[in-house]
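Engineer: This is the structure I want to talk about, given as structure tokens.
There are 4 protein chains.
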Amino acid sequence: MPDPLRIGRHTLSSRLIVGTGKYATHAQMQQALERSGTDCVTVAVRRERLIDAQGRNLLDFIDTSRYTLLPNTAGCFNAEDAVRVARLGRELLSGLENPGADWVKLECLADKRTLLPDPIETVKATEQLVADGFEVLVYTSDDPIVARRLKNAGAASVMPAGSPIGSGQGVLNANNIRICLEYLKEGDPEYPVIVDAGVGAASDVAAAMELGVDGVLLNTAIAHAKDPLRMADAMRLACEAGRLSWQSGRIPKRLYATASSPDEGVITWQPAG
Amino acid sequence: MPDPLRIGRHTLSSRLIVGTGKYATHAQMQQALERSGTDCVTVAVRRERLIDAQGRNLLDFIDTSRYTLLPNTAGCFNAEDAVRVARLGRELLSGLENPGADWVKLECLADKRTLLPDPIETVKATEQLVADGFEVLVYTSDDPIVARRLKNAGAASVMPAGSPIGSGQGVLNANNIRICLEYLKEGDPEYPVIVDAGVGAASDVAAAMELGVDGVLLNTAIAHAKDPLRMADAMRLACEAGRLSWQSGRIPKRLYATASSPDEGVITWQPAG
Amino acid sequence: MPDPLRIGRHTLSSRLIVGTGKYATHAQMQQALERSGTDCVTVAVRRERLIDAQGRNLLDFIDTSRYTLLPNTAGCFNAEDAVRVARLGRELLSGLENPGADWVKLECLADKRTLLPDPIETVKATEQLVADGFEVLVYTSDDPIVARRLKNAGAASVMPAGSPIGSGQGVLNANNIRICLEYLKEGDPEYPVIVDAGVGAASDVAAAMELGVDGVLLNTAIAHAKDPLRMADAMRLACEAGRLSWQSGRIPKRLYATASSPDEGVITWQPAG
Amino acid sequence: MPDPLRIGRHTLSSRLIVGTGKYATHAQMQQALERSGTDCVTVAVRRERLIDAQGRNLLDFIDTSRYTLLPNTAGCFNAEDAVRVARLGRELLSGLENPGADWVKLECLADKRTLLPDPIETVKATEQLVADGFEVLVYTSDDPIVARRLKNAGAASVMPAGSPIGSGQGVLNANNIRICLEYLKEGDPEYPVIVDAGVGAASDVAAAMELGVDGVLLNTAIAHAKDPLRMADAMRLACEAGRLSWQSGRIPKRLYATASSPDEGVITWQPAG
């Protein structure tokens, strides 16, 4: 593994974590996971999400010897419910002997319409799950202060949203992600920060990685593309491209190449006449 | 070749075309070309650019059996000079028996400071080079009307700038590139449009490809990155990612996932009270 | 008053609220307030901010018969401190018989370096101050869920940041401000939402108002401009312009005028070949 | 006149120039012109645009003692036609004894669909009209090299488009407008540069002026707003606000106020491991 992503006790070879929902068929999901290059997939463990209308269990369609499962608490709207579902996930995965039994992706949403996370319930649930021995990967808004509180509460990874779940807008506020990175990596440069949600296209993934985050988690952008399998390829390549681009030290932006800065030659102030 | 780029009589397997200037050493250039995955490299054929201070010829460091050379007229500031240099390139490459002898990347700049192209001299040079039997790949600004004139003048490919050469700003005006595509591909969807210049990072390449252009040409973004070889990897992956992402049919952008459009719920007009 | 801004029991004629800190001199502040057209100025009531090195009290330089004072809790980093300072402000303003004695701008920051607000302490302080009879105008991040919690806690106005205090970046995430507006004005269209912090130039104020917010609060953009008085003029005009522009129902954005949408003619998906 | 706009022999008190087309009624146009605060209105002089279906002449509805008319060549698609129409305008305005008889707004478009200007025909027409004694205010794309050529051809003012006519997208490429300003004002700081076309809302006008341009010309943004008269007010205020904001020397943009630059604290390069 040349450049592994370490989150708590887990080590992943791919920096792309992929969801398992919203696919047209289980077969399509299987192929998309494979082509995404991921070795970690997140699974909603609430019963109504795990078992489909035909009574089939999603987990039966995932090669659990290949992928580390990351159980998530999708569909939970308060701390109590999220903690309950996280424990359910642990049980399920322990039964499968999957290494994902000891961690959880915590989602504690505030609203079914916008799917935005609830910062206050999220902090509360993080504290409880950490106390309960979980490695908590916590989905949150891009608010840097909430992000810092979540790390202080013991989260193994903070995962700020680029934009609302399923909105396809990419990282809307790079400034906030930068401040999140500054806070979360201060004196702790290996602390994993993952952009979770909002990605729409491959360039969004690359641009997120170029901010210096450690990984990207996505679902809808692949599952609801017109050609999900091809988009899975695109996302795999974009994640690697963005990581390498960030590591490579890009050229500065300038108004034109020989200008010393983007504003050279710009008259920014005219003395009062 | 699964998804080749066809430009006139040439067929390329990679959609990334890479320049050969500005590298610290010839060895670094050789490795960067290889890692970029390109099969087409562009070379300035003016003597002062081809031969270095030690009297070494750049072409001696490029495997001309592997890469199609694309001679360019960098350093030319009017049509007459550009036409002369293009002919010089043809001679040089004929001598090497390289398939690039019959085409040229036309650069006809207006200003050494900004390196912006001169539309009027560029149109003139295109007409003369087409008459002279060249396949002309023409560097131009993102002005859609100039782009259309250049195609009408017989250019084999129009190559609008994303932003000024070496500025690292990516595609500044996606609207103009979209109108260029609309004009240049109207009734001729295979006509090759290539974003040339301005790219700074991998996400810029992916974003350009997601607009539907057929390829990207770059130089400084690799050559002047802190780690050029790693950036060459990044650019190779980003170009593939962007192509696939465009082909995959991305999800729409929305204010949030369940909103029917990015503006749903937005009160855009308040009747006079 | 043709289009007053109503916040709780207060009615303001201007939609621009202006800070009183960071001016070179008291005289400059006085003139800037006047030229900004505001009728409401916010004042930090902590002793070390109110009294300068020469022992002069800021309030002696503000015409309290002309401006409604809005005491603020700048310099407070937890709920307890903020509540204490808010009460101090009430006492001070009661003594001056200023109508601002019954309200407060709540700032509860998390970090002296970034000056970002602490959502959790802010919610706590809001609850306490509302219980204490204050009209609370609450500074917060642009997180829509926190904004909704603050309204539910009884805030008279929620004031999301456009970008960090003093950063001059304007509204960085219009999407979040739009969702804030959707939440806060749902079934309550007159509820006042004010962008507080981050504004750098006049266009930022106009753009914020065009999102449909009810007002803008700013300080540094005027006080630290090279010519603060002229910038005060600019901000007054921009606030009115943005309000009118929003009320006027702007033309839609299009790729070009005869395109039915910005994406018309754009080939967004190429079927797999 | 505190801060007049000088274009050749003309001096205007307002920096907003307004079009006269696309209004629902002549009365609405009259009121919109008045409320925009302009003292210069542009009028299409082709017969089919000047005379309406009822045989009424637009000029009969404009107070030519109050406004300097700026005849324009809208509807012309080559240099020859544009020159002919410009001369027709001169005749018309000489008959009215309006000071606008000696200047012209040159529009030489390439395409009825996009309404984009044709740079090559525009240069040609500029040369002819300058030779013919006109003061030429020339509409063009934002291509800085074309802009420079037009000034060199003798244009009294160069007027780059912010975005396509009627598209409502504002200034899409501030980088190009900045380079236009650098070229056109080099050694000639009073040379008037006016953003013409593309404006949608008040903030667009303010943002354009904050780039340091000397004025803005618009039409559709007012005429097709839901409430054109109110939008005329907005545009008047926004133009003044943007001018003052530019003159005032805005605060710099930063990641947060105490950061020394927007990128402070940002890890932009990770040494190869």
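Residue numbers (our numbering), protein chains in the order written: chain A, -16 to 256; chain B, -16 to 256; chain C, -16 to 256; chain D, -16 to 256.
C-beta atoms are modelled at their ideal positions from N, C-alpha and C, and glycine is treated no differently.
Computed from a predicted model, the values in this text were never measured in an experiment.
1. Gly225(A) to Glu193(A), Cα distance in whole Å?
2. Take the Cβ of Ser295(A) as the centre, count every other Cβ of all protein chains shown within 10 Å, and call the residue buried at 16 or more, exposed below.
3. Let me see if you follow: with CB-CB separation under 8 Å, is Ala190(D) close to chain C or not?
4. List, in order along the chain, the chain D residues whose C-beta lies closer than 9 Å to that of Thr21(B)?
5. So, are the CB atoms of Ala57(B) and Ala93(B) less than 8 Å apart?
6. Determine the burial state of Gly116(D): buried for a count of at least 16 other Cβ atoms within 10 Å of its Cβ, exposed for fewer.
7. Could you tell me the boundaries of the alpha helix (DSSP H) in which Ser284(C) lies?
8. I'd like to confirm the pairing. Which residues does DSSP put opposite Ile34(C) in its beta bridges?
9. Could you tell me which chain B residues have their CB closer than 9 Å to the CB of Gly(-2)(C), listed as they occur along the chain?
10. With DSSP collapsed to three states, give me the class of Asp197(C).
11. Would you mind giving the Cβ-Cβ distance between Leu75(C) and Pro102(C), rounded to the nearest angstrom? I have them listed as a contact below 8 Å.
12. Measuring alpha carbon to alpha carbon, tell me which residue in Ala69(A), Ala84(A), Ile128(A) and Asn135(A) is nearest Cys91(A).
13. Closest to Ser(-4)(B) by CA distance: which of Asp197(B), Leu212(B) and Leu238(B) is it?
14. For Glu173(A), collect the residues of the same chain with a Cβ closer than 8 Å to its Cβ; drop the 5 residues on either side in sequence, then sort them by chain order.
15. Could you give the distance in angstroms between the alpha-carbon of Pro254(A) and the alpha-carbon of Leu99(A)?
16. Under 8 Å, CB to CB, which of the residues in the region 133 to 166 of chain A have a partner in chain D?
17. Could you check where the alpha helix (DSSP H) with Val275(D) kicks off and where it finishes?
18. Does the pairing of the region 140 to 156 of chain B with the region 152 to 164 of chain D give three or more beta-carbon distances under 8 Å?
19. Touch check for the region 220 to 240 of chain B and the region 230 to 239 of chain A: three-plus C-beta pairs under 8 Å?
20. Which residue comes first and which comes last in the alpha helix (DSSP H) that contains Met214(C)?
21. Select from the region 88 to 99 of chain C all residues with a C-beta closer than 8 Å to any C-beta belonging to chain A, and list them in chain order.
22. Among Arg29(B), Leu16(B) and Pro(-15)(B), which one has its Cα closest to the Cα of Leu200(B)?
23. Tell me, please, whether the region 209 to 223 of chain C touches the region 7 to 22 of chain C by the rule of three or more beta-carbon pairs shorter than 8 Å.
24. Alpha helix (DSSP H) containing Asp179(A): first to last residue?
25. Is Gly181(A) near Pro147(A), with beta carbons less than 8 Å apart?
26. For Val24(D) and Leu52(D), which I take to be in contact (beta-carbon distance under 8 Å), what is that distance rounded to the nearest angstrom?
27. Quick one: is Leu238(B) near chain C, going by C-beta distance under 8 Å?
28. Once the 5 residues before and after Gly248(A) are set aside, which same chain residues still bring their CB inside 7 Å of it?
29. Can you give the Cα-Cα distance for Glu118(C) and Met142(B), rounded to whole angstroms?
30. Among the residues of its own chain, which have a CB less than 6 Å from the CB of Lys168(C), if the five just before and after it don't count?
31. Rounding to the nearest angstrom, what Cα-Cα distance links Asn40(A) and Leu33(A) in this structure?
32. Please determine, among Gln37(C), Val113(C) and Glu80(C), the residue with the shortest C-alpha to C-alpha distance to Ala65(C).
33. Closest to Tyr122(D) by CA distance: which of Asp179(D), Arg132(D), Gln230(D) and Gln111(D) is it?
34. Can you list, in chain order, the residues of its chain with a C-beta nearer than 8 Å to that of Ala139(D)? Leave out the 5 residues immediately preceding and following it.
35. Indicate the three-state DSSP secondary structure (helix, strand or coil) for Ser140(D) in the structure shown.
36. When the distance is taken between beta carbons, is Leu71(C) closer than 8 Å to Thr105(C)?
Structural biologist: Let's see:
1. 5 Å
2. Summary: the structure shown does not reach residue 295(A), with chain A confined to residues -16 through 256, and so no result is reported for it.
3. yes
4. Here the premise fails: no neighbours, minimum Cβ distance about 22 Å.
5. Going by C-beta atoms, Ala57(B) is not nearer than 8 Å to Ala93(B).
6. exposed
7. In the structure as shown, chain C starts at -16 and stops at 256, and residue 284(C) therefore has no counterpart that could be examined.
8. Asn40(C)
9. Reading off the sequence shown, one finds Arg at residue -2(C), where the question assumed Gly. What Arg(-2)(C) touches in chain B: nothing, since even the nearest Cβ is about 13 Å away.
10. Coil, per DSSP.
11. The Cβ separation is near 28 Å, so there is no contact.
12. Ala69(A)
13. With distances taken between CA atoms, Ser(-4)(B) lies nearest to Asp197(B) out of Asp197(B), Leu212(B) and Leu238(B).
14. Arg(-11)
15. Only weak support exists for where Pro254(A) lies, its pLDDT of 45 falling under 50; the coordinates are left without a value.
16. Asn158, Arg161, Ile162, Leu164 and Glu165
17. No information on residue 275(D) is available, as it lies outside the stretch -16 to 256 that chain D covers here.
18. Counting C-beta pairs closer than 8 Å gives three or more between the region 140 to 156 of chain B and the region 152 to 164 of chain D, which meets the contact rule.
19. no
20. Taken as a continuous stretch (DSSP letters only), the alpha helix (DSSP H) holding Met214(C) covers Pro211 to Ser231.
21. Listed in chain order, the positions of the region 88 to 99 of chain C with a beta carbon within less than 8 Å of a beta carbon of chain A are Ala93, Asp94, Thr97 and Leu99.
22. The shortest C-alpha separation from Leu200(B) is found at Leu16(B).
23. yes
24. Per DSSP, Asp179(A) belongs to no alpha helix (DSSP H); it is in the beta strand (DSSP E), Ile177 to Asp179.
25. In this structure, Gly181(A) lies near Pro147(A), with their beta-carbon atoms less than 8 Å apart.
26. 6 Å
27. Put simply, the CB of Leu238(B) is near chain C, with a gap under 8 Å to one of its CB atoms.
28. Confidence in Gly248(A) is poor, its pLDDT being 47 and thus under 50, which makes the residue's placement unreliable; the coordinate value appears in the next sentence. Excluding sequence positions up to five before and after Gly248(A), its CB lies within less than 7 Å of the CB of Leu238 and Ala242, all in the same chain and listed in chain order.
29. Here the C-alpha atom of Glu118(C) lies approximately 60 Å from the C-alpha atom of Met142(B).
30. Tyr174
31. 6 Å
32. Val113(C)
33. Asp179(D)
34. Leaving aside the five residues that flank Ala139(D) on each side, the residues in its chain whose CB is nearer than 8 Å to its CB run, in chain order, Ile(-10), Gly(-9), Trp86, Glu118, Val119, Leu120 and Pro175.
35. strand
36. no
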